[in-house]
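Here's the structure, in structure tokens; my notes come after.
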Amino acid sequence: MAESIYRELILEHNKNPQNRGTLDPADYSYQDTNPLCGDEVRIDVRVADDKISEIAFSGRGCAISQASASILTEMVKGQPLDEVKALSKEDLLDELGIPLSPARLKCALLSLKVLKAGIYGVNAAEDVWQ
Ligand code: FES
8 MAESIYRELI LEHNKNPQNR GTLDPADYSY QDTNPLCGDE VRIDVRVADD
58 KISEIAFSGR GCAISQASAS ILTEMVKGQP LDEVKALSKE DLLDELGIPL
108 SPARLKCALL SLKVLKAGIY GVNAAEDVWQ
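Residue numbers (the working numbering): 8 to 137.
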């Protein structure tokens with residue numbers, strides 16, 4: 008896919024985010040901040056039959072962070088928890104599809120860090136930003 012199509016994908020998800028909101032109650036909720044800018048992402052998850060049955064994200068941030076959270080929630084909705092645990096940063100970056108500077112990588116990966124820390128604990132999320 009051409010890079011411009013990926014850019015459009017990011018702009019579209021930023022404009023019309025999927026799964027934006029909160030879940031109350033949720034089985035897992037976690038929020039974290041991109042230390043470079045102070046922007047925050049929160050993700051709430053409900054689990055049924057060891058799969059993510061519902062997921063919602065909230066928070067504020069740049070277009071890449073918000074689009075990435077929207078895309079990530081679409082990727083993992085309905086997926087078994089062990090597959091979500093195995094999801095790598097490359098998997099998410101492949102979906103985003105555009106080259107990113109190191110600072111923008113943190114924007115793109117904040118949602119994955121929040122998702123993994125929320126479900127599996129902060130240690131399981133440590134590799135996301137390394
Ligand atoms: Fe803050 Fe991207 S500039 S998350």
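The C-beta atom is built at its ideal place from N, Cα and C for all residues, glycine as well. Keep in mind the model is a prediction, meaning the values are calculated, not measured.
Reduced DSSP secondary structure (H/G/I, E/B, other) of residue i
{"i": "Ala-63", "result": "strand"}
{"i": "Lys-58", "result": "strand"}
{"i": "Asp-134", "result": "helix"}
{"i": "Ser-36", "result": "strand"}
{"i": "Pro-24", "result": "coil"}
Candidates the options, of which the one nearest residue i by Cα
{"i": "Tyr-37", "options": "Gln-137, Gly-128, Val-135", "result": "Gly-128"}
{"i": "Arg-14", "options": "Lys-123, Ala-124, Pro-106", "result": "Pro-106"}
{"i": "Leu-87", "options": "Val-52, Asn-41, Asp-57, Leu-43", "result": "Per the sequence shown, residue 87 should be read as Pro rather than Leu. The candidate whose alpha carbon is nearest that of Pro-87 is Asp-57."}
{"i": "Gln-73", "options": "Glu-102, Asp-39, Arg-27", "result": "Arg-27"}
Limits of the unbroken alpha helix (DSSP H) element including residue i
{"i": "Ser-75", "result": "70-83"}
{"i": "Leu-30", "result": "Per DSSP, Leu-30 belongs to no alpha helix (DSSP H) and is neither H nor E."}
{"i": "Gly-125", "result": "109-127"}
Residue i burial status per 10 Å Cβ neighbour count (16 or more: buried)
{"i": "Glu-123", "result": "Note that residue 123 corresponds to Lys in the displayed sequence, not to Glu. Classification of Lys-123: buried, given that the 10 Å Cβ count is 16 or more."}
{"i": "Gly-85", "result": "exposed"}
Neighbour flag for residue i against chain D, beta carbons, 7 Å
{"i": "Arg-14", "result": "In summary, chain D is missing from the structure at hand, where a single protein chain is found."}
**Message:** Check whether the segment 86-98 and the segment 68-78 are in contact - that is, three or more C-beta pairs closer than 8 Å.
**Reply:** In this structure the segment 86-98 does not touch the segment 68-78; the number of beta carbon pairs closer than 8 Å is below three.
**Message:** I'd like to know if the segment 10-24 and the segment 32-50 are in contact, where contact means that at least 3 CB-CB pairs between them fall below 8 Å.
**Reply:** Contact between the segment 10-24 and the segment 32-50 is not established, with fewer than three Cβ pairs separated by less than 8 Å.
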